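Numbering (the working numbering), first residue to last: 160 to 748. Even glycine gets a Cβ: it sits at the ideal position worked out from N, Cα and C. In this text, all values refer to a predicted model and were calculated from it rather than measured experimentally. Shown next, in structure tokens, is the structure this report addresses.
As structure tokens, then:
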């Protein structure tokens, strides 16, 4: 499989840009050639018609220079736009699917694309395209006079040396500044996400101080890189001006000694300015070049990691039979598995309540069932086909998922239920809301289904967000519905509506898996599973699991010092303790 690169598919545009650059740089010779002809023909002969003919030819050449230069700049703008339009969807899909390599988890690929596009459309990129022509202009100066050629060569070599010095001095602080800026931006996003908590608990000052440490580090490296680039840039300007003075001074001496004509001297000075300009501009824009080069390297790494998506056979529409076979999850850097050899089956129309103490692996199992957590061993099958063998776009249409933390998109209630699908039918949106028992709640909102939820759903309460998220999980033809603590923010009325929604979804043939801590919901599902330390301790009909879990609890109360029943003893501060041994009816598990 061929590895994707940033500039793949842009060969035609690049070739057109290089072709236009050839004509632009050839037409730059108009001014020195015009100067030569003025001194050689017009001033020697005093012929006005010759002057008019030369001036007319020069004007025509300038018109073509304008056209080719405008064409080149437009092509460069098109190249930047095409790169962003082609790469952004691919990179964004990789980010959403969690396919970023570990080295790029903290990177910002979309910003890298924007930085690369900004550099391509900047004058520095065009200066780099013109830099090879410095050699041709130097060769012409050598043709005029070897002495002037040596002076020009020494000056251009000095400018190139400054460019290399600029690279060595600026690369490391620029890389460090980029890393620190990424961490700083992540810290800001984290604080804004928890702004209410920070303000309520009076920790604004300490967290801003923590952010300032990161920001100061980024600022320090950025200032260091800026100072070094500014030093070399100013030095390059001085060298370029001194070089032109040197060429004119040496040229005057050669003219006095009749070794050079005044026209050649002035033409050489013009050519030297054109030869030195790309090098000087490249030094001035070196920061942008370093950022673009780093961005291109990261994007190439990302594209190579993503590769081409394997083509999968479209399987028949699933019925919803769920089979978990020895599912094992191990995270990098953690010695103990989060899940170990989990196995159970669930048929269409059945529902499962997952219970267990904190850290038992309930959420990890829910994510694995939704295809969000890869397994190191075992399989999760839907209709006997492994979840990894299904086309994600196909099977995703039949899996409903409610995460533990419900996030809504800025838009209307209807758009969030349909997950921003512009082709969603209003009847399907209303059907999902009715199935989730939230139709009346939505109609009570100002605007009903057209009510705006605000950024991240902040116009709604936590319970309202959770119930709309539940309707989103039921939207469409869902055969497997996974709910991670769906009643965490619900009142008793909401819990009853949730239980009725699960029962109705099962009656329609869906299999439902719900992570829960409430006995009220556990009594309404057909099956229950108890997880302990990442292992499946019990699985069966909900009533049997509840009764079996109640026996160790009673023994723990009767014999509190018996080590055999220590795992069932109540532990103070455990949020999930009551989940492994359900309490009385109506209490929270």
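So residue i is in the alpha helix (DSSP H); what residue range does that whole segment cover?
i, result
"residue 522", "521-528"
"residue 375", "363-415"
"residue 184", "170-186"
"residue 273", "268-279"
"residue 595", "No alpha helix (DSSP H) holds residue 595; DSSP gives it neither H nor E."
"residue 605", "It is not in any alpha helix (DSSP H) - residue 605 carries neither H nor E in the DSSP assignment."
"residue 551", "551-554"
"residue 194", "189-196"
In terms of residues, what are the limits of the beta strand (DSSP E) holding residue i?
i, result
"residue 352", "Segment 305-352 is the alpha helix (DSSP H) holding residue 352; no beta strand (DSSP E) there."
"residue 688", "686-691"
"residue 290", "Neither: residue 290 is in no beta strand (DSSP E) and is coded neither H nor E."
"residue 209", "Counting along the chain, residue 209 falls outside any beta strand (DSSP E), though it belongs to the alpha helix (DSSP H) covering 207-255."
"residue 669", "Looking at the DSSP string, residue 669 is not in any beta strand (DSSP E), and its letter there is neither H nor E."
"residue 621", "It is not in any beta strand (DSSP E) - residue 621 instead sits in the alpha helix (DSSP H) that spans 621-633."
"residue 643", "639-643"
"residue 512", "510-514"
"residue 538", "536-541"
When we look at the beta-carbon of residue i and count the other beta-carbons within 10 Å, is it buried (16 or more) or exposed?
i, result
"residue 331", "exposed"
"residue 386", "exposed"
"residue 723", "Its pLDDT being 43, under 50, residue 723 is placed unreliably by the model, and the measurement read from it follows with that caveat. That one is exposed."
"residue 644", "buried"
"residue 651", "exposed"
"residue 744", "A caution first: residue 744 carries a pLDDT of 34, below 50, which makes its placement in the model unreliable, though a value can still be read off. Result: exposed."
"residue 274", "buried"
"residue 530", "buried"
"residue 218", "exposed"
"residue 103", "Not covered by the structure: residue 103. The range shown for the chain is 160 to 748."
"residue 359", "exposed"
"residue 493", "exposed"
"residue 343", "buried"
"residue 456", "exposed"
"residue 283", "buried"
"residue 625", "buried"
"residue 727", "At residue 727, the pLDDT of 41 sits below 50, so the modelled position is not reliable and the matter cannot be decided from this model."
"residue 524", "buried"
"residue 417", "exposed"
Could you tell me how far apart the beta carbons of residue i and residue j are, in whole angstroms, since I believe they sit closer than 8 Å?
i, j, result
"residue 572", "residue 601", "6 Å"
"residue 179", "residue 227", "5 Å"
"residue 681", "residue 514", "7 Å"
"residue 588", "residue 595", "That belief does not hold up - the Cβ atoms of residue 588 and residue 595 are roughly 11 Å apart, past 8 Å."
"residue 683", "residue 658", "4 Å"
"residue 304", "residue 427", "7 Å"
"residue 446", "residue 388", "6 Å"
"residue 592", "residue 545", "At roughly 33 Å, the Cβ-Cβ gap does not stay under 8 Å, so residue 592 and residue 545 are not in contact."
"residue 482", "residue 686", "Actually they are not in contact, since the Cβ atoms of residue 482 and residue 686 sit about 14 Å apart, beyond 8 Å."
"residue 165", "residue 458", "5 Å"
"residue 449", "residue 329", "6 Å"
"residue 321", "residue 395", "5 Å"
"residue 537", "residue 486", "4 Å"
"residue 438", "residue 319", "6 Å"
Bridge partners for residue i per DSSP, in chain order?
i, result
"residue 697", "689"
"residue 486", "501"
"residue 674", "513 and 643"
"residue 544", "541"
"residue 561", "642"
"residue 611", "571"
"residue 481", "505 and 541"
Within the present structure, is the beta-carbon of residue i separated from the nearest heavy atom of the ligand GTP by less than 7 Å?
i, result
"residue 211", "Among the components of this structure there are no ligands whatsoever, and the ligand GTP is therefore not found."
Start-end ranges of the alpha helix (DSSP H) lying completely within the region 415-475, minimum 4 residues = 421-443 and 445-465
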